[in-house]
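Written below as structure tokens is the structure these notes are about.
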Amino acid sequence: MTTRRLVLTRSAALLGAASSGLLLPAHAQSNKIRIGLMLPYTGTFAQLGQACDNGFRMALEEKGNKLGGRDIEYFKVDDESEPSKGVENASKLVQRDKVDVLVGTVHSGVQMGIHKVARETGVLCIIPNAGMHAATRALCAPNVFRTSFTNSQPTLALGKAMMAKGHKKAVWITWKYAAGDEAGEGFKDGYLAAGGTIVKELGLPFPNVEFQALLTEIASIKPDAVACFFSGGGAAKFIRDYAAAGLKGKIPLYGSGFLTEGLLDDELAPAAQGIMTTLHYSTSLATKRNDAFRLAYAKAFKMQPDVYAVQGYDAGQLLLQGAAAVKGDLSNKKALYSAMEAAVIDSPRGQWTMSKAHNPVQDMYLREVKGKENIVLGVAAKALSDSGAGCKLG
Amino acid sequence: MTDALLMAQGLSKRFGGLLAVNDVSLSLFKDQVHAVIGPNGAGKTTLTHLLSGDLAASSGELWLNGESVTGWPHHRLSLQGLGRSYQKTNVFLPLTVWDNLMLAAQARDAHAPFNPLSWFTRADRNPEVSARAERAMTLAGLAAVRDKSAAILSHGIQRQLEIAMVLATEPMVLLLDEPLAGMGAAEAETMVQLLQALKKDHAMLLVEHDMDAVFALADVLTVMVNGTVIATGPPQAIREDAQVQAAYLGEATA
Amino acid sequence: MSAPQAHLETLPRSVQLLLVLGLIALVAFPFAGQDFYTQMVTRMMILAIFAMSLDLLQGITGLVSLGHAAYFGLAGYVLAFMSPADAGANILTTLPLAVLASALVALVIGFFVVRTQGIYFIMVTMAFAQMLYYLFFDNKGLGGSDGIYINVRPAVLGMDLENKLVLYYFTLVCMLLVYWFLRRLLWSPFGRTLNGIRLNEHRTQALGYASFNYKLTAFTLAGGLAGLAGYLWGAQTGYVNPELMGFHMSAHAIMMVILGGMGNVAGALIGAFGFELFLHLFKDLPKVGGFDMGKHWQLWMGALIVLVVIIAPQGLMGLLRSRKQDD
Amino acid sequence: MDLANFSIQLLNSVQYGLLLFLLAAGLTLIFGIMGVVNLAHGSFYMLGAYLAYAFTGAWGSLALAVVAGTALSIALGWLLEKILFKHFYHRSHLDQVLLTFGLIYIFEELRSMLWGDDVHSVGIPAWLDWSIKLTETLSYPAYRLFMLAICSALALGLWLLISKTKLGMKIRAGAFNSDMAQAMGVNIVRLHALVFAMGVALAALAGMLIAPLSSVYPYMGSQVLIMCFVVVVIGGIGSVRGALTAALLVGLVDTFGKVLLPQFASMLVYVLMALVLLYKPEGLFKQ
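Protein chains in written order, with this note's numbering: chain A, 3 to 396; chain B, 98 to 351; chain C, 41 to 367; chain D, 880 to 1166.
Right, here's the structure in full:
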């Protein structure tokens, strides 16, 4: 083809793609409720994103995929746990797909982007995981609800449990990034209140996983116990290195539940025996509600649920209760929000209610790794609620 | 001593153990061609690098137009009027002949790079620069290939472009490193005529193997062997100098 | 003075046609498109400015920087720091300051970086960008790993960037200004010398140019223009985070410039729009017989990039010109 | 920090340094000696780790997994070189950056499709699964000592291969001036394929050997990528001795940085790199 024809077809194609793909006529007003799922389907937290997705869909399927009598329609966006695209992806759901509710996400950096869009557009937003404080504290908003935790909530309950075991001097170690710092705040509040003293706070750059130097430090400090916050691949490595450094038997290891949640496979379990963690759920929580949930989840997805699946599931239940109260008319915001605020969620983790700042008030369980499970020893903190400091709601 | 355009005193260059140039002193005067000859590896090209600033001398002094310029980087020396061509053709191949010359011609009075004027003015609308490029082009006889890209020119014409680019910077002193290298007889002839014409108003250093051209052009001849100058003087005297014959010209010369 | 022959500076008529068509589409776009697409195209224009700023370095001067996002992100942070909690910052003061800050940092880093050559230049620019990234990532005082909000978008004299349409046309004007500036630069003595440095730095020095000063000026200018793009990004999203300075964003900029075609600024512009369009296209691919094409967008994106580097080494622009050989 | 603690930290830094050398060894060949900017090096490392996970899962023995994995990665390296990289030796660094960046996307997605996005652990072989008591609270895992030995052996082997053997001489000649080497009768095409395959195999081997320590998870490759380039560049591109020295240096800076200057720990390595490049622009041991 001569250049002229080649270019004309190419530039026409480029502009054609631009117009057809982009200039969609405003969507026909159907009575389906449009649900936007903004979760990481690729990237480091893909596993967690998929678990939230499964839990949420399962909750709605159990009620016939109806919200207050109206049918539903899903819109998915992969946020790749990439904070720089947070606002862009959230706007795609809210402005392009005109979703009525946005469910997301896992990574707190991306959550900052979603929260910006939620506060500006007023769209109903349910956070299934990201524990960043701001969303239900200083920057809380009537249209934003969280069904997971604040970063400091799980570690808040850790301090008392450690003191109960007589560990008066502890070392705190985590990655130096937002989630790690906020988890540290929770641990400090809980542990100091219970009379403990933090001998040293160790931190390493995120996502550096070379722990040897700090493990050597811990061995030389010889604290009564070590408390930490790690998750994902880094958590698995920390557990192995901790055991390999011979600390396992000598200095008990405590942490927020994410240290062991969903990681206890055949290879890792031996190194993790005896690790005690606090979290608002454990797969092996021995309640009828949890067993039913595990059965249903295993049947639907052929694998065991984890805390992320429960948080997704509860996001679905919260939405179901809210929609039922307004008989599917999600535009009746006042009634919808007050119904969701007053909701009592019968969750596999146990019943929990919504705090004034829209963060779960829930029991924190003390768990210990035995075999390949986090066995629940008891309730470390009953109906623990986040301080919601700086939130002007309610 | 004072009217020497370029004067070097005791120039030496050591590469680790090898003493490539050993205590060479020479002067270039206006309207005079100073040829430097010697076997391969005698240090001729290294000497041109020391004079032009391409290489920093291990020791020695350098004066340009009476002013001490020892240790200057070669872009400063070039701006002071010391132009040089390279043994291996060293031009901007993707650019046309005219653009090569314009870039050379523009260097003389270019605004400093951080001066916004140099960002906004049009490079091809500067009459002085264009005139300078035009002069260099006609002198080197490149008008015919003006808009051809340098990459597709024959080797000989590329050598002419190399010289024309040096002329476009309108230097006082010309350092020419084997300008006739790889040229056919006809091209060499035109080049010699060009160099002959350039003798006026310039001081020229000519490093060359083509003896006919050397003896046709040179006013002063210097012979270098193993980095040191073994003889300097008028060409005729050098031709008969026994030492030179033994070291360089071989047995009886014709 | 005859106009130079087929040259990087003169675009083939086919590309000029494409650009004019594109400009018309861009000017008319907000009236036809949905609110979301107006924002999407605004972001493409911002990335186009970012890509053009890198093309000044990579395409025109031949300096491949793997850390160009540092100056992009930095300007966003300057806006965030200067934005009051409850009011929009004044564009007249904050924009120049943000661009100046990025240019200044580029000058300081450039002073060290520009003296290295080839692959070492690529690596050392990356090293400095990673330093800046961790400086913001690790320090809570600078916003920490989750970044900072810009609560109210900047405004001046009735021009309020909170309004999506105003932001769209403000960005369009900025993009056109940057495009015009860099295109003119190609024709300027400074631009011609940068081109000479890219082709044969040694010869350029021999002609009398202090190539270090030229490269440093280009590095600083490119840093400032990247700062302009970063400022606009902050103004549009209202949220800045360390990833804006990260390795990924720098690599993204390199890909936009290469996809489009290097050295004539128009390539970078086309590359930015093309890259974003392909990204959105692949992500929105439907489910085809149970196989969710959209979920595996990374596979198609990777394949596209590999394809481009094999069949179109000079990018899309190269394809347009490859048929019409030079004389 | 008393002497005992200091000496253990020194051991940690040497061990991490040698680990880094193992990680960067493949890159010293492909990027260092062949001059190909291979951003996909991290993906080959990740591929090795997942192969180790898959094979130990299937056969239960890491040794077997390493043998099979190495063979597979040599084949993959050979194939990739034939299809893609053969055409890129004389292309600009920019094209190589683009090509290998595209490959990162492709490998990451293939890993997700083949093995999913889960976090896995790989068992340490039983005969190495014990620790030596250093202090009454700290002991040192035998597997890390084993790795210490392996990495040193590899460093020595690679150095000997490159600088002392005939093949090594051919490789260096090919890297320095491939046309000249070809003129001297070196079969450059086969040599490049061999060196490239060795580079990929070394990266995968690093993944397999480090998997029991690092556990296996998505995007593990991209986390080590930048550190590998830092090591090769500080050491001096093309120098095996340089890569080893640089790896030990980075190990030192990273280990003691975390302990003594925690707030600057992440920047220290890059400050080191910038200083080296500014002081010796061609790295420590440029040939």
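Glycine included, C-beta positions come from ideal geometry on N, C-alpha and C.
Note that the structure is predicted; figures quoted are calculated from it, not measured.
Chain A contact for residue i (CB, 8 Å cutoff)
i: residue 171 of chain C; result: no
i: residue 186 of chain C; result: yes
i: residue 375 of chain C; result: Since the first residue shown for chain C is 41 and the last is 367, residue 375 of chain C is missing from the structure and cannot be characterised.
i: residue 83 of chain C; result: yes
Distance between residue j and residue i (C-alpha atoms, nearest Å)
i: residue 173 of chain A; j: residue 382 of chain A; result: 20 Å
i: residue 1129 of chain D; j: residue 1115 of chain D; result: 14 Å
i: residue 121 of chain A; j: residue 143 of chain A; result: 7 Å
i: residue 110 of chain C; j: residue 999 of chain D; result: 34 Å
i: residue 167 of chain A; j: residue 271 of chain A; result: 23 Å
i: residue 122 of chain C; j: residue 83 of chain C; result: 22 Å
i: residue 171 of chain C; j: residue 275 of chain C; result: 25 Å
i: residue 231 of chain C; j: residue 911 of chain D; result: 34 Å
i: residue 349 of chain A; j: residue 279 of chain A; result: 20 Å
i: residue 1163 of chain D; j: residue 288 of chain C; result: 28 Å
i: residue 183 of chain A; j: residue 230 of chain A; result: 11 Å
Neighbourhood of residue i by C-beta, 8 Å cutoff - its chain only, sequence neighbours within 5 removed
i: residue 66 of chain C; result: 81, 85 and 212
i: residue 311 of chain B; result: 132, 134, 303, 305, 318 and 332
i: residue 244 of chain B; result: 193, 194 and 195
Extent of the continuous alpha helix (DSSP H) run through residue i
i: residue 296 of chain B; result: Residue 296 of chain B -> no alpha helix (DSSP H), and no H or E assigned at all.
i: residue 158 of chain A; result: 154-158
i: residue 340 of chain C; result: 337-351
Neighbourhood of residue i by C-beta distance below 6 Å, restricted to the same chain and skipping five residues each side
i: residue 325 of chain B; result: 119
i: residue 922 of chain D; result: 983, 986 and 1100
i: residue 309 of chain B; result: none
i: residue 891 of chain D; result: 1134
i: residue 125 of chain A; result: 96 and 104
i: residue 380 of chain A; result: 368
Delimiting residues of the beta strand (DSSP E) encompassing residue i
i: residue 161 of chain C; result: Not the beta strand (DSSP E): residue 161 of chain C falls in the alpha helix (DSSP H), residues 158-178.
i: residue 278 of chain A; result: 278-281
i: residue 131 of chain B; result: 129-134
Within chain D, partners of residue i - CB distance below 9 Å
i: residue 178 of chain C; result: 1142, 1143, 1144, 1145 and 1146
Neighbouring residues, chain C, relative to residue i (Cβ below 7 Å)
i: residue 234 of chain A; result: Chain C residues near residue 234 of chain A: none, gap ~15 Å exceeds 7 Å.
Proximal chain A residues relative to residue i, where beta-carbon distance stays under 9 Å
i: residue 884 of chain D; result: 218, 219, 221 and 222
Per-residue contacts from residue i into chain C (C-beta, under 8 Å)
i: residue 1064 of chain D; result: The premise fails here: residue 1064 of chain D is roughly 29 Å from chain C at the closest Cβ pair, so nothing lies under 8 Å.
i: residue 208 of chain A; result: 177 and 185
Under 9 Å from the C-beta of residue i: neighbouring residues of chain C
i: residue 55 of chain A; result: Residues of chain C passing the Cβ test: none, with the nearest at roughly 11 Å.
i: residue 49 of chain A; result: Near residue 49 of chain A there are no residues of chain C at all, since even the closest Cβ is about 14 Å away, more than 9 Å.
i: residue 911 of chain D; result: Going along chain C, no residue has its Cβ under 9 Å from residue 911 of chain D, so there is no contact; the nearest lies around 10 Å.
8 Å Cβ cutoff, residue i in contact with chain D
i: residue 194 of chain C; result: no
i: residue 55 of chain C; result: no
i: residue 338 of chain C; result: yes
i: residue 107 of chain A; result: no
i: residue 60 of chain C; result: no
Cβ neighbours of residue i in the same chain (closer than 7 Å, five flanking residues each side left out)
i: residue 341 of chain A; result: 323, 324, 327 and 328
i: residue 1132 of chain D; result: 1147, 1148 and 1151
i: residue 255 of chain C; result: 101, 103, 154 and 237
i: residue 320 of chain A; result: 128, 147, 149, 342, 345 and 347
CB contact check: residue i to chain C, cutoff 8 Å
i: residue 373 of chain B; result: With chain B covering only 98 through 351, there is no way to say anything about residue 373 of chain B.
i: residue 992 of chain D; result: yes
i: residue 1071 of chain D; result: no
Proximity test, Cβ basis, 8 Å: residue i and chain B
i: residue 359 of chain C; result: no
i: residue 254 of chain C; result: yes
8 Å Cβ cut-off: residues of chain D touching residue i
i: residue 310 of chain C; result: Near residue 310 of chain C there are no residues of chain D at all, since even the closest Cβ is about 16 Å away, more than 8 Å.
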